[in-house]
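One structure is given here, and the rest of the page talks about it.
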Amino acid sequence: MDEVIKKIADPYILFQIERVSSFHGYLSTGAFIGIQMLNIAKRLLDADPAEQLYVTCETYSCLPDPFQILAGCTIGNKKLKIRDFGKMAVVVNKKGKEDQILVRSVRIVLDPAKTAKYPRLHEWYMNTGKVPHEEAITILIDAGESVYTYKFIDIELSKKPEKRIALCVNCGESFISKNGGALCLECMEKIEVLKE
Ligand SMILES: [Zn+2]
0 MDEVIKKIAD PYILFQIERV SSFHGYLSTG AFIGIQMLNI AKRLLDADPA EQLYVTCETY
60 SCLPDPFQIL AGCTIGNKKL KIRDFGKMAV VVNKKGKEDQ ILVRSVRIVL DPAKTAKYPR
120 LHEWYMNTGK VPHEEAITIL IDAGESVYTY KFIDIELSKK PEKRIALCVN CGESFISKNG
180 GALCLECMEK IEVLKE
């Protein structure tokens with residue numbers, strides 16, 4: 000991998016690679032794709048370096064990590080959502096203003112019609128052959144943004160629901176009650192299991 004990284008001249012990308020490698024454990028092809036997607040999104044959304052971003056990753060694999068460590072989007076701060084469609088795609092938006100209903104976001108996908116021009120990268124993508132990360136990442140560096148497709152979409156911001164804490168009538172533990180029910184989700188699940 001050191002040989003691959005030596006070819007990169009941009010100090011900012013090198014900095015990103017270093018942080019992602021230590022956070023993710025190593026530089027996987029998917030993590031590198033996440034770095035590229037983040038950089039494309041920031042440019043398309045005209046985000047300044049300190050801008051708060053929100054991301055929905057369409058897979059659990061690799062992609063979320065660059066967004067967590069480089070953009071501060073985490074599960075806990077709710078700036079990272081994962082909809083596990085098993086797709087190499089992300090939807091990114093900036094923070095909406097107070098009382099803004101629609102927010103401009105961009106969906107970026109690693110496009111198989113475009114990776115097809117790079118047979119070994121395409122093999123990695125389609126999992127039809129053994130392609131080492133070093134090789135796939137080298138191709139991605141050369142291909143740059145040409146293997147991605149993006150489109151802008153306006154997404155509706157959901158209203159923050161009022162937080163209501165209740166005590167479960169069964170286990171006595173406190174929980175965030177979303178539908179005004181008297182049982183926590185865990186107890187409800189247990190009861191469902193007993194019924195079956
Ligand atoms: Zn309970």
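Quick note: the sequence shown, position 108, residue 107 per numbering that gives the first Met the number 0, numbers continuous. Virtual Cβ for every residue (Gly too), placed ideally from N, Cα, C.
CA-to-CA distance, residue j to residue i, given in whole angstroms
| i | j | result |
| --- | --- | --- |
| Leu197 | Lys5 | Lying before the first or after the last residue shown, residue 197 is absent from the chain, which here runs from 0 to 195. |
| Met125 | Glu134 | 15 Å |
| Val19 | Glu2 | 17 Å |
| Leu69 | Asn169 | 43 Å |
| Val130 | Lys116 | 16 Å |
| Phe34 | Asp153 | Here residue 34 is Ile; the residue named in the question, Phe, does not match the sequence. The alpha-carbon atoms of Ile34 and Asp153 are separated by roughly 23 Å. |
| Phe31 | Arg119 | 16 Å |
Opening and closing residue of the beta strand (DSSP E) in which residue i lies
| i | result |
| --- | --- |
| Thr73 | Thr73 -> no beta strand (DSSP E), and no H or E assigned at all. |
| Phe151 | 147-155 |
Opening and closing residue of the alpha helix (DSSP H) in which residue i lies
| i | result |
| --- | --- |
| Ala40 | 28-43 |
| Tyr53 | Segment 52-56 is the beta strand (DSSP E) holding Tyr53; no alpha helix (DSSP H) there. |
| Pro10 | 10-23 |
| Ile190 | 184-194 |
Proximity of residue i and residue j at Cβ, strictly below 7 Å
| i | j | result |
| --- | --- | --- |
| Glu155 | Leu101 | yes |
| Leu62 | Gly85 | no |
| Ile39 | Leu26 | no |
| Pro43 | Val105 | According to the sequence as given, residue 43 is Leu; it is not Pro. Contact: yes. |
| Val108 | Leu52 | no |
| Thr55 | Lys80 | yes |
According to DSSP, residues forming a beta bridge with residue i
| i | result |
| --- | --- |
| Phe174 | Ala165 |
heavy atom of ligand 3 below 6 Å from residue i C-beta
| i | result |
| --- | --- |
| Asn169 | With respect to ligand 3, the structure offers nothing, as its ligand set consists of ligand 1. |
Within the segment 91-141, note down every full alpha helix (DSSP H) run reaching 4 residues or more, in order along the chain. 111-114, 118-125
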